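Asks:
In my numbering, the protein residues as written are 5 to 137.
1. Residue 30: which of 88, 104 and 108 sits nearest, CA to CA?
2. Check whether the Cβ atoms of residue 108 and residue 66 lie closer than 8 Å to each other.
3. Taking the alpha carbon of residue 90 as the reference point, which residue from 102, 27 and 64 has its own alpha carbon closest?
4. Whole-angstrom Cβ separation of residue 39 and residue 102, contact assumed at under 8 Å?
5. Taking C-beta to C-beta, are residue 15 and residue 82 nearer than 8 Å?
6. Pick out whichever of 49, 58, 73 and 18 has its Cα sitting closest to the Cα of residue 95.
7. May I ask which residues mark the beginning and end of the alpha helix (DSSP H) holding residue 50?
8. In angstroms, rounded to a whole number, what distance separates the CA positions of residue 77 and residue 63?
9. For my contact list, residue 43 and residue 100 are in at a C-beta cut-off of 8 Å; report their separation, rounded to the angstrom.
10. Taking the C-alpha atoms as reference points, what is the distance between residue 97 and residue 22?
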């Protein structure tokens with residue numbers, strides 16, 4: 005029904021797309037902080053080193069959810085004139101991205117190799133006999 009009431013120029017308005025992206029950056033991306041940085045770093049690392057099929061599908065699922073989230077904000081902005089006044093609602097809706105980002109980071113070879121090198125560098129774990137009295 006929404007698209008039947010609005011014309012093509014009202015649905016695909018570049019100014020509105022820009023407003024939605026600014027809203028998304030100010031109210032959602034700015035709160036993701038370090039988790040988003042780790043996720044981006046792991047995605048870049050995986051693209052550089054190559055990723056297996058399962059990880060690639062999981063990344064597509066995460067990015068698809070992100071695209072649907074942005075599309076939902078855009079459609080919501082077309083429907084309600086006061087859409088900018090409730091940024092906390094978008095923050096609550098975006099909470100499900102944190103476990104997805106953290107799970108993807110735990111699958112990454114960057115995290116696993118760093119953790120493994122840290123654990124093997126500890127002297128007590130290299131020589132377990134030192135733990136005994």
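We treat Cβ as the ideally placed atom computed from N, Cα and C, and that holds for glycine.
Treat the numbers as computed from the prediction; the structure is a model and nothing was measured.
Replies: In terms of the structure at hand:
1. Numbered from 1 along the chain shown, position 26 holds the residue referred to as residue 30. The option with the nearest alpha carbon to residue 30 is 88.
2. Numbered from 1 along the chain shown, position 104 holds the residue referred to as residue 108. Numbered from 1 along the chain shown, position 62 holds the residue referred to as residue 66. Yes.
3. Locating residue 90 in the chain shown gives position 86, counting from the first residue. A check of alpha carbon separations from residue 90 across 102, 27 and 64 identifies 27 as the nearest.
4. The residue you call residue 39 lines up with position 35 of the chain shown. The residue you call residue 102 lines up with position 98 of the chain shown. Yes, they are in contact, since the Cβ atoms of residue 39 and residue 102 sit about 6 Å apart, within 8 Å.
5. Working through the chain shown from its first residue, we reach residue 15 at position 11. Working through the chain shown from its first residue, we reach residue 82 at position 78. A contact, by the Cβ cut-off of 8 Å.
6. Locating residue 95 in the chain shown gives position 91, counting from the first residue. That would be 73, whose Cα lies nearest to the Cα of residue 95.
7. If you number the chain shown from 1, residue 50 lands on position 46. Where residue 50 is concerned, the enclosing alpha helix (DSSP H) stretches over 34–53.
8. Within the chain shown, residue 77 is the residue found at index 73, counting from 1. Within the chain shown, residue 63 is the residue found at index 59, counting from 1. Computed Cα separation, rounded: 21 Å.
9. Position 39 of the chain shown holds residue 43. Position 96 of the chain shown holds residue 100. Rounded, the Cβ-Cβ distance is 14 Å, inconsistent with contact.
10. Sequence index remark: in the chain shown, residue 97 carries index 93 (1-based). Sequence index remark: in the chain shown, residue 22 carries index 18 (1-based). Residue 97 and residue 22: Cα-Cα distance of roughly 20 Å.
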